[in-house]
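Take a look at the structure below.
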Amino acid sequence: MNQTEVFERERPRLVRLATGVLNDHAEAEDVVQQGWLRLERSDTDIDCLPAWLTTVTTRLCLDRLRSRTPVPVEEIEPSSLAPDVAEEVSLADTVGVALQVVLDRLSPQERVAFVLHDSFGFEFSTVAAMLETTPVAARKLASRARAKVRQPSSQDQASNWEVVDAFMAAARNGEFERLIRLLAPEAVVSADAAAVLVGTPERIEGRHEVATFFNGSAHAALPVYIDDRPAAAWFHRGEAKVVFDFTLRNGVVSTITFRAEPDVLARVSRREGPERRS
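Pasting the structure below:
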């Protein structure tokens with residue numbers, strides 16, 4: 004089997020791996036294609052091509068994660084002696100949506116170590132080879148990440164505002180696939196009578212329909228609380244006019260209610276500080 008045939012056989016696995024780390028299928032496909040270009044340019048003798056491709060893909064993902072923060076990244080040429088991870092990895096189709104929201108808070112190395120070990124089954128010796136560190140250090144990275152991931156489970160409000168703000172950011176940025184992932188299959192949008200009077204839809208049903216409605220919209224919405232619940236609101240001249248009231252179930256959005264009744268608007272307050280992430 005030649006290199007092209009091996010690459011095409013491995014491509015679906017590599018895309019799933021990259022998607023798990025990056026939480027972006029299109030970016031994952033781009034990373035895997037970049038790995039193919041490196042393979043074409045490489046004149047290194049490669050003992051195990053699946054392992055080499057996995058190493059390249061993981062390090063390219065690490066580069067992408069680092070590029071999201073102002074940290075300089077050196078070009079990495081993977082060694083042909085990387086472990087045969089193709090035999091070790093237990094592939095997972097997806098990392099949960101709520102987990103992906105929390106992953107955004109991890110450092111690039113923590114995120115890679117955690118996803119590769121906890122979600123894809125890599126041994127720490129393999130993770131260490133990917134990150135060019137020691138197995139002990141890789142274990143510590145994954146342990147720190149695991150502690151950060153578990154923390155929001157005892158702080159429901161924190162995880163709720165992260166999902167709400169991730170949804171609003173995806174709406175503004177026109178990230179349709181991310182909206183789909185953040186919505187429950189039976190997602191519903193509804194509105195009170197006052198909101199309908201100012202132009203909101205009275206009802207939208209279904210994940211695809213809700214995502215279509217929000218895709219590329221909500222540019223003027225700001226993060227708020229209704230009482231102590233995280234939400235978003237459309238403001239005009241400094242006053243909240245319509246509130247987007249979210250209900251979450253199992254880490255995804257199940258309902259969004261547009262609310263504009265005066266007694267509701269009176270309970271709205273702007274969210275400030277580190278929880279203002281949209």
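Under this note's numbering, residues 4 to 281 are what the sequence shown spells out, in order.
We treat Cβ as the ideally placed atom computed from N, Cα and C, and that holds for glycine.
Model, not experiment: these values are computed from the prediction.
| Check | Outcome |
| --- | --- |
| Cutting at 7 Å between CB atoms, please list the residues of its own chain near Ala224, excluding the five before and the five after it. | Met171, Ala235, Ala236, Trp237 and Phe247 |
| Classify Thr294: buried if its beta carbon has 16 or more other beta carbons within 10 angstroms, exposed otherwise. | Because the chain here runs from 4 to 281, residue 294 falls outside it and cannot be looked at. |
| Going by DSSP, what residue range makes up the alpha helix (DSSP H) through Ala21? | Gln6 to Leu25 |
| Helix, strand or coil, according to DSSP, for Val201 in the structure here? | coil |
| Find the nearest neighbour of Pro2 within the set Leu109, Ala214 and Arg274, judged by alpha-carbon distance. | Given that the chain is displayed from residue 4 to residue 281, the structure contains no residue 2 and the question cannot be resolved. |
| In angstroms, rounded to a whole number, what distance separates the CA positions of Leu68 and Asp266? | 44 Å |
| What span of residues does the beta strand (DSSP E) with Ile207 cover, start to end? | Arg206 to Glu208 |
| Check for me: the beta strand (DSSP E) holding Pro225 runs from which residue to which? | The residue you asked about is not Pro; residue 225 is Leu in the sequence shown. Unbroken beta strand (DSSP E) run through Leu225: Ala224 to Ile229. |
| Just tell me which of Val9, Ser220 and Leu109 has its CA closest to the CA of Ser146. | Leu109 |
| Run through the segment 171-198 for me and flag every whole beta strand (DSSP E) of 3 or more residues, listed as ranges in chain order. | 186-194 |
| Just to confirm my understanding: we take Glu205, look at its own chain, exclude 5 residues before and 5 after, and list those with CB closer than 8 Å. What are they? | Ser193, Ala194 and Val199 |
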